[in-house]
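Undergrad: Just dropping this structure here.
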Amino acid sequence: MKFTIGMDMGFVLAKGIVWSILTVLFLMPALIIRFNNLIMRTRHKSFVPPLDHFVKMQFKVRYVIAALAIILAVPCYVAQGMNDFRYGNAAIGSGEGSRSYEDKKVTDEMFGESNMLIVIVPDTSTVKEGKLSDRLEDLPYVKSVTSMAGALPPGIPEDFLPRSLTSQLHDGGYARMVVIVKSDTESAKAFHCINEIKEITGEYYSDETYFVGTTPATQDMKEIISSDYNSVNGISTLGVALVILVSFSSMASVIAVMIPIELAIFVNMALPYLYGQELVFLGYLMVSSMQLGATVDYSILMTNTYLSVRENEPDKKKAAIAAVDQCVLSILTSGTVLTVAGYGVYKLSSVKAIATMGQLIGRGGFFGMTLVLTLLPWLLNTFDSRIMKDRAKKQAKKKKRMEKKAEMRKIKGQESDIVNNKAEGEEESV
């Protein structure tokens, strides 16, 4: 991402994954061994009832699930791109539910909305500056404009005023205007007002004009992040697909695994649009990344189990049912933890933006595990012949490499025996 917060977010997420892997691989086995006696003494019957009927039932309705997935795919993809995103600081730090939001609400009720904009233009003509100042002040949504040309009485030279005062508005060859706009900092109205002010300023100053304020900064963030997201989303999806391809050596398995992952994200992110909710764009990026990571774990577990069962089970339907039966408890446990944690944040947080992110995480975990347990088995069945052919080719190549290595070791052994025998013969002749 051009916006450097993307690097920070990526580093934090990657660091968390690395530490999670290290603790699971090295710390967790040690803890299990250390507390093994306590674990064995406290074992109890599983609280989760047998899921045989659920597994068989969901496989019976697989065509209904597939039809729903096909129907929802395109509308949800379109809807998730039409969300009302928020990009600036007001989305979280000053968002609904925070103290600053409540204070600003009271202030706006008493004095009206105020959005400060600093307009910086070349200090070339006081007359031109005065015309621009008057033009901006005549706009219906502008409360006030503070500029040297507007504040200085006619006929009074600027040199008559102290340098400490004039330097606040004229300095370094530039003139500064403070424009107070009657709008909030991030909305369609605010963007329209700032854009119109930019156009008017451009009529008087063609170049070297600068606009500083929360709204222009938010506009820049929106432009940069939105363009970055398309490339970041494509690269992350391609990266996940590449990992799956390396793991299973089959393009068909990549398609089967990626469909429920992407569909779960589309459905989850389409609902805020349907509900009319505002979304923090950076939160949207984080939730999408978390949901992608969680759902791909479920999908890989299901696919790997299916392929293992399929090696000894010629009936692909029975293999799919067996795979779901073996994975359902692990996926339900992990997915339920993520869902409960997300909805816990949603219910407990008083800041609306953070609560919405919690809701997205919880709902994303639910959709992810649901689609992996219902849609993915049908997809694996559908692509079974292609997946098994690719798997057979991989195993054949692996077997051929092993045979070649064994043959090379055998040849090297024979050469070594010949050299040893020759050396022994020379020693005997001597």
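Residue numbers (our numbering): 1075 to 1504.
We put the CB at the ideal spot given by N, CA and C, even for glycine.
1. Nearest to T1379 by alpha carbon, out of K1479, S1321, T1430?
2. For S1218, write down the residues that DSSP places opposite it in a beta bridge.
3. Pop quiz: F1355 and F1085 are said to be a contact at Cβ under 8 angstroms. What is the actual Cβ separation, rounded to whole angstroms?
4. For H1266, does the count of other Cβ atoms within 10 angstroms reach 16, so buried, or fall short, so exposed?
5. So the alpha helix (DSSP H) Y1349 belongs to, where does it begin and stop?
6. Between V1306, A1223, W1452, which has its C-alpha nearest E1203's C-alpha?
7. Any idea if M1482 is buried or exposed, counting beta-carbon neighbours within 10 angstroms, 16 or more meaning buried?
8. Tell me the DSSP secondary structure of I1508 in three-state form.
9. Any chance the stretch 1404-1424 sits against the stretch 1442-1458, with 3 or more Cβ pairs inside 8 angstroms?
10. Report the three-state DSSP secondary structure of H1118 (helix, strand or coil).
11. Would you tell me roughly how many angstroms separate the C-alpha atoms of I1299 and T1116, rounded to the nearest one?
12. Using three-state DSSP, classify V1195 as helix, strand or coil.
13. Does the beta-carbon of I1339, which I'm using as the reference point, lie nearer than 6 angstroms to any heavy atom of the ligand FMN?
14. Tell me the start and end of each unbroken alpha helix (DSSP H) in the stretch 1416-1497 that is at least 4 residues and wholly inside, in chain order.
15. Do you know whose CA, among Y1248, L1453, V1414, N1269, lies nearest V1255's CA?
16. Applying the 10 Å Cβ sphere with the 16-neighbour rule, what's the burial state of T1259?
17. Quick one: give me the first and last residue of the alpha helix (DSSP H) that F1133 is part of.
18. So, is I1508 buried or exposed, given that buried needs 16 or more other C-beta atoms within 10 angstroms?
19. Give the straight-line distance between the Cα atoms of I1091 and S1363, rounded to the nearest whole angstrom.
20. If we ignore side chains and look at the alpha-carbon of each, how far apart do A1415 and F1340 end up?
21. With respect to the alpha helix (DSSP H) encompassing L1353, which residues constitute its N-terminal and C-terminal limits?
22. How far does the alpha helix (DSSP H) with G1204 in it extend, from its first residue to its last?
23. Are the beta-carbon atoms of L1337 and V1328 separated by less than 7 angstroms?
24. Tell me where the alpha helix (DSSP H) around F1100 begins and ends.
25. Which residues in the same chain have their Cβ closer than 6 angstroms to the Cβ of G1357, if we skip the five residues on either side of it in sequence?
TA: A quick look at the data gives this:
1. Distances from the CA of T1379 to each of K1479, S1321, T1430 were compared; the closest alpha carbon is that of S1321.
2. DSSP output for S1218 lists I1254 as bridge partner(s).
3. Between F1085 and F1355 the Cβ distance is about 19 angstroms, and since that is not below 8 angstroms, they are no contact.
4. By the Cβ neighbour-count rule, H1266 is exposed, with fewer than 16 other Cβ atoms within 10 Å of its own.
5. Start and end: 1325-1349.
6. E1203 has its Cα closest to that of A1223, out of V1306, A1223, W1452.
7. Flag for M1482 reads exposed.
8. Nothing can be reported for residue 1508, as the shown portion of the chain is limited to 1075 through 1504.
9. Flag = yes, the stretch 1404-1424 and the stretch 1442-1458 touch.
10. In this structure, H1118 counts as coil in the three-state DSSP scheme.
11. If you take the alpha carbons of I1299 and T1116, they lie about 51 angstroms apart.
12. The DSSP-derived three-state label of V1195 is strand.
13. The ligand FMN is not part of this structure, which contains no ligands at all.
14. Qualifying alpha helix (DSSP H) stretches, in chain order: 1426-1456.
15. Comparing Cα-Cα distances from V1255 to each of Y1248, L1453, V1414, N1269, the minimum goes to N1269.
16. By the 10 Å Cβ count, T1259 comes out buried.
17. First-last of the alpha helix (DSSP H) with F1133: 1126-1134.
18. What the structure shows of the chain is the stretch from 1075 to 1504, and residue 1508 is not part of that stretch, so it cannot be assessed.
19. Near 12 angstroms, if we compare the C-alpha coordinates of S1363 and I1091.
20. Spanning the two alpha carbons is a distance of roughly 21 angstroms.
21. Not the alpha helix (DSSP H): L1353 falls in the beta strand (DSSP E), residues 1352-1354.
22. Where G1204 is concerned, the enclosing alpha helix (DSSP H) stretches over 1200-1211.
23. In this structure, V1328 does not lie closer than 7 angstroms to L1337 by Cβ.
24. It is not in any alpha helix (DSSP H) - F1100 carries neither H nor E in the DSSP assignment.
25. Closer than 6 angstroms at the Cβ level, and outside the excluded window around G1357, lie M1431.
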